[in-house]
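Using UniProt numbering, the letters of the sequence shown map in sequence onto residues 1 to 284.
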Amino acid sequence: MIAHANKPKTFYVKILRQDGPGKPSYWQRFELDYEPELNVISVLQKIAAKAKTSSGQKTTPVCWDCGCLEEVCGACTMIINGRVRQSCSALVDKLLEDGLEIELRPMTKFPVVRDLFVDRSRMFTALKKIKGWIPADGYYDLGPGPKQSRYDQEVAYPLSECMTCGCCVEACPQYGKIELTQRSGESDEAFEDRKTDAYTSGFVGPAAISQVVLFNLHPTGKMIARDRLDVMAQEGGIQICGNAQNCVAVCPKKIPLTMSIGKIGRQTTFNTLRRWFDRGAKAH
Ligand code: SF4
Ligand code: SF4
Ligand code: FES
Numbered sequence: 001m002i003a004h005a006n007k008p009k010t011f012y013v014k015i016l017r018q019d020g021p022g023k024p025s026y027w028q029r030f031e032l033d034y035e036p037e038l039n040v041i042s043v044l045q046k047i048a049a050k051a052k053t054s055s056g057q058k059t060t061p062v063c064w065d066c067g068c069l070e071e072v073c074g075a076c077t078m079i080i081n082g083r084v085r086q087s088c089s090a091l092v093d094k095l096l097e098d099g100l101e102i103e104l105r106p107m108t109k110f111p112v113v114r115d116l117f118v119d120r121s122r123m124f125t126a127l128k129k130i131k132g133w134i135p136a137d138g139y140y141d142l143g144p145g146p147k148q149s150r151y152d153q154e155v156a157y158p159l160s161e162c163m164t165c166g167c168c169v170e171a172c173p174q175y176g177k178i179e180l181t182q183r184s185g186e187s188d189e190a191f192e193d194r195k196t197d198a199y200t201s202g203f204v205g206p207a208a209i210s211q212v213v214l215f216n217l218h219p220t221g222k223m224i225a226r227d228r229l230d231v232m233a234q235e236g237g238i239q240i241c242g243n244a245q246n247c248v249a250v251c252p253k254k255i256p257l258t259m260s261i262g263k264i265g266r267q268t269t270f271n272t273l274r275r276w277f278d279r280g281a282k283a284h
């Protein structure tokens, strides 16, 4: 923390801005009065209210996304002083220990909507692809479900903390950015379909692989465990992972991603062999 006697009068925030999808990016610098116990979200609110750069030029308010303000929703993730993290839990006093300027950039693996606001819908497409849900059908009382062992609960709990924030895919060298632009005359619906197709064939990423472990561990979720493992063997599945382990190092929830990747890698191989045997048995 900044010692009281050393507190600066002002500090700077440098932001990589972009006026819309596919537009060129540019830097802007803002000067703010120092106050103790600010976080990056409160800094962005002050910048929006001020709408003036450090050289006095009038500008539009910087755009960002946030929801919970307590590191649960994952929406406020950005690159702060070179490190991908949540802006709601990034404390200014701590950041200023490295110098009087804070640098903010949007994540690089997702299309920019505007400024620091990115479109993470590819991650949600991956969750749909792996059937990241418990198949409990019907609106009537189904009665109590099967019990889960204490051991499985303890393995599942940390995995359930994933907030689809994107830190792991930002750090993953195998997760390339997919950004499409709407063609002239293309309807919104056709554009959305084309995006979904592109996202579906891209690498699902470590967060979705870890959610396969979570849902396959659940006593009801495991009813479609083999469907999820089939997805892991398809285009964009686990074979893309190069095991660099960057993902696990940046996860703010300390989710054991490499354990999940190892487990799903073994289960996918076994499942694929079983599918071959099943097909062979049917042919005879
Ligand atoms: S696994 Fe961790 S880093 Fe990746 S999306 Fe989930 S919470 Fe974020
Ligand atoms: S271990 Fe796999 S998923 Fe994680 S960063 Fe490396 S390549 Fe990406
Ligand atoms: S606002 Fe939800 S994680 Fe930061």
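For each residue, glycine too, the CB sits at the ideal point set by N, CA and C.
In the structure shown, the three-state DSSP call for Trp276 is helix. Contact between Leu95 and Ile80 holds, with the beta-carbon distance rounding to 7 Å and staying under 8 Å.
Thr200 has its Cβ no nearer than 8 Å to any heavy atom of ligand 3.
With a beta-carbon spacing of about 6 Å, Gln211 and Ile130 fall inside the 8 Å limit used to define contacts.
Distance from the C-beta of Leu159 to the nearest heavy atom of ligand 2 is not below 8 Å. In this structure, Phe117 lies near Pro106, with their beta-carbon atoms less than 9 Å apart. The beta carbon of Ala233 sits no closer than 8 Å to any heavy atom of ligand 2. If you check the CB distance, Pro36 and Asp98 do not come in under 9 Å. Per DSSP, Asp33 lies in no alpha helix (DSSP H) segment; the continuous beta strand (DSSP E) that holds it begins and ends at Ser25 to Asp33. DSSP, reduced to helix, strand and coil, places Leu127 within a helical segment of the structure shown. With 16 or more other CB atoms across the displayed protein chains lying within 10 angstroms of its CB, Tyr199 is buried.
Here the stretch 138-149 makes no contact with the stretch 244-254; the two share fewer than three CB pairs at distances below 8 Å. One alpha carbon belongs to Cys251, the other to Gln267, and they sit about 23 Å apart. Excluding the 5 residues flanking it on each side, Lys253 has same chain C-beta neighbours closer than 6 Å at Glu161, in chain order. DSSP lists Leu32 as the beta-bridge partner residues of Phe11.
Contact check between the stretch 268-282 and the stretch 164-177: fewer than three CB pairs, one atom from each, fall below 8 Å, which does not count as touching. A Cβ-Cβ contact shorter than 9 Å links Ile209 with Ile261. DSSP places Met232 in the helix class (H, G or I) of the three-state scheme. Going by DSSP, Leu44 is part of the alpha helix (DSSP H) stretching over Val40 to Lys50.
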